[in-house]
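Peer 1:
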Amino acid sequence: MSLDDLLADLKAGEIAEMVLLRPEPTPEELNSSSVMDEDVLEEYRKQRASHWGSEILKNPKDPVYPLMKEFEDVVSKDLPSQLPPDRGIRHEIDLVPDTKYCVRRQWPLPREQCEVIDAFFAAKAKAVMVRESKSPHSSPTFCVRKPNGKWRLVHAYNKLNSATVPAQTPIPRKDVLLNNMADCTLYSALDLVDGCYQILMRESDIPLTAVSTPSGMLW
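Residue numbering for the sequence shown follows the numbering used here, starting at -16 and increasing by one per position.
1. To the nearest angstrom, how far is it from the Cα of Q96 to the Cα of F104?
2. Identify which residue in P155, W90, C167 has its Cα closest to the Cα of P197.
3. Would you tell me roughly how many angstroms separate the C-alpha atoms of D188 and E75, rounded to the nearest one?
4. Rounded to a whole number of angstroms, what is the C-alpha to C-alpha distance between V127 and Y27?
5. With distances taken from CA atoms, which of K133, I100, M112 is nearest L200?
6. How do the segment 137 to 156 and the segment 77 to 84 stand: do at least 3 beta-carbon pairs fall below 8 Å, yes or no?
7. I need the DSSP call for V159, collapsed to helix, strand or coil.
8. Confirm, please, whether the CB-CB distance from L183 to R143 is below 8 Å.
9. Just to check my reading of the structure: A139 and F125 have Cβ atoms closer than 8 Å, yes? What is that Cβ distance to the nearest angstrom?
10. For S195, does the count of other Cβ atoms within 10 angstroms reach 16, so buried, or fall short, so exposed?
11. Can you tell me where the beta strand (DSSP E) holding L136 begins and where it ends?
12. Is the beta carbon of A110 closer than 8 Å to that of S64?
13. How would you write the range of the alpha helix (DSSP H) that C97 sits in, first residue to last?
14. Could you tell me how far apart the beta carbons of R73 and R185 are, in whole angstroms, since I believe they sit closer than 8 Å?
15. With C-beta atoms as the reference, is R87 less than 8 Å away from S116?
16. What's the gap between the Cα of K41 and the Cα of V47?
17. Is P67 near the ligand COA, in the sense that its beta carbon is under 7 Å from a heavy atom of that ligand?
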């Protein structure tokens, strides 16, 4: 196809997608200025972390410090050592009819992740927020790094999600939210620590959320 034919078809809307292929660049072709130095990246991470939640309470020079200090009881980085009170609202999981067991086997993990996972569940069990399970359902657990260098626990609920009837509650569009915030001068955001552990489950759905750990436990 000639360039003229390509442009004509493109203008007529007869081409829905284009893919540009080029040889893999050599190291000499890479722009070294686009590669961030590791020390610079680490400093950037520290600067971002200093503006997150309870970290602001450590810096009196931060303009938000007085406000955060006033309400420091609600920005604690530590969860309450008990289940939240029953406020009449519980998370529910509705399965597709005829769904059997949702099981995905736990895979091996590095020792560091195993220690983090065991410590996490030991703390949650002490707070009576989790309990040992004999559920026929099971989803594996693993960790991913947070921007601040700490570990985030993740449960691979792929099979459970696939067997769940999806809620059709509409999610707000970003452009609509931005339009609604026009002319506002104060903005706030809320991020719950381990938010999934701060919401009670419908009693009959608790077995569906059972998770395994590399040490052989089922919670």
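Glycine residues also receive a C-beta, built at the ideal position from the N, C-alpha and C atoms.
Peer 2: Taking the geometry as given:
1. CA-to-CA, the gap between Q96 and F104 works out to about 12 Å.
2. For P197, the closest of P155, W90, C167 by C-alpha to C-alpha distance is W90.
3. Annotation: D188 to E75 spans about 7 Å, alpha carbon to alpha carbon.
4. Near 20 Å, if we compare the C-alpha coordinates of Y27 and V127.
5. The sequence shown places Met at residue 200, not Leu. Nearest C-alpha to M200 among K133, I100, M112: I100.
6. Because the criterion of three Cβ pairs below 8 Å is met, the segment 137 to 156 and the segment 77 to 84 touch.
7. Under the three-state reduction of DSSP, V159 is assigned to helix.
8. Per the sequence shown, residue 143 should be read as Leu rather than Arg. A distance of 8 Å or more separates the beta carbons of L143 and L183.
9. Contact between A139 and F125 is confirmed by a C-beta separation of about 7 Å, below the 8 Å threshold.
10. It counts as buried.
11. It spans 134 to 138 - the beta strand (DSSP E) in which L136 sits, taken as one unbroken run.
12. Between S64 and A110, the C-beta gap is smaller than 8 Å, which places the two residues in contact.
13. Its alpha helix (DSSP H) spans residues 94 to 109.
14. That pair is a contact at about 5 Å.
15. Not in contact: R87 and S116 (Cβ atoms no closer than 8 Å).
16. Spanning the alpha carbons of K41 and V47 requires a straight line of approximately 11 Å.
17. Looking for the ligand COA in the displayed structure turns up nothing, as the structure carries no ligands at all.
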